[in-house]
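Using UniProt numbering, the first residue of the sequence shown is number 1, and each one after it goes up by one.
Each residue gets a CB set at the ideal place from its N, CA and C atoms; glycine is no exception.
Written below as structure tokens is the structure these notes are about.
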Amino acid sequence: MSTTHFGFKTVDERDKAKHVRGVFDAVASRYDVMNDLMSAGLHRAWKHYTVTVANPQPGDRVLDIAGGTGDLGLAFAPKVGPMGQVVHTDINEAMLSEGRTRLLDAGVILPTLVCDAEKLPFPDGHFDIVTVAFGLRNMTHKDVALKEMQRVLRPGGKLLVLEFSKVAKPLEKAYEWYTFNVVPKMGRLVAGDEGSYRYLAESIRMHPDQETLKQLMREAGFGHVDYHNLTAGVVALHVGIKC
């Protein structure tokens, strides 16, 4: 039996996706509100920066993996225009449903499908841009998922991974106290679910740091990889170019 981590717990790797699904099923309806509260609205600036770095052009094809409630899809759609395409995906049906409803309320209709990032149902070289925001850390086999993202990109295409990362050393203690003490209590009060937000804090600690993720992306076949620390490394945006 192969094992992996689910937060600080060790689980059968075949069961991790089920555990992650349970977390996001529980928080889907309050996900956006909690994001605003936990980050003091900064997640919107991080995502805006991601779209700016992606620099989508009219006619581009964009794949948003772990697209959740549709923030990036909503931002990319007007930039690629009617000749382009944004595909909104997530492995979690509850999150995808929230996102699809939000997009429709905004008058935006995107192809939306449930799919596993480790087994993307798209042909080689199909997309100009692939994004994954706050989803990679929940994937069981990050190396497999990154190779799949590389596969579906055209040569010269960009992968953008926005994810929690290793915060600057002077802020480590304060950040740890906040994520392990404040965030779970906030989750209990706002989303009625303390456990899911404790998993969030644990999953951040278990996620590869900036340099480790950079190396994973290189091993997945990206010829050029760089990263941008945002908010003192609370999150990092990794950008990989397929050569």
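Item, Value
"Three Cβ pairs or more, each shorter than 8 Å: is that satisfied between the region 209-222 and the region 187-197?", "no"
"Hey, Thr140 and Val62 are a contact pair by Cβ (cut 8 Å); roughly how many whole angstroms apart?", "Thr140 to Val62, Cβ: 25 Å. No contact."
"Have a look at His88 and Phe24 and give me their C-alpha separation to the nearest angstrom.", "17 Å"
"If you measure between the beta carbons of Leu151 and Asp128, is that distance less than 8 Å?", "Correcting the residue identity first, residue 151 is Arg in this sequence and not Leu. Contact: no."
"I'd like to confirm the pairing. Which residues does DSSP put opposite Asn229 in its beta bridges?", "Ala236"
"Please check the pair His238 and Val161, which I expect to be a contact at CB under 8 Å, by giving their CB distance rounded to whole angstroms.", "4 Å"
"Below 8 Å, how does it come out for the region 107-119 and the region 38-54: are there three or more Cβ pairs, yes or no?", "no"
"Confirm, please, whether the CB-CB distance from Gly107 to Gly84 is below 8 Å.", "no"
"Quick check on Asp209: does DSSP put it in helix, strand or coil?", "coil"
"Which one of Val167, Ile204, Leu110 and Leu72 has the shortest CA to CA distance from Phe8?", "Ile204"
"Starting from Gly157, trace the beta strand (DSSP E) in both directions and tell me its first and last residue.", "Leu153 to Phe164"
"Return yes when the Cβ of Gly67 is within less than 8 Å of the Cβ of Gly73, no when it is not.", "yes"
"Could you round the C-beta distance between Ala236 and Glu118 to whole angstroms and report it? I think they count as a contact, below 8 Å.", "So it is not a contact: roughly 22 Å between Cβ atoms."
"DSSP three-state label for Asp60, please.", "coil"
"Arg100: which of Ala28, Lys142, Phe222 and Gly221 sits nearest, CA to CA?", "Ala28"
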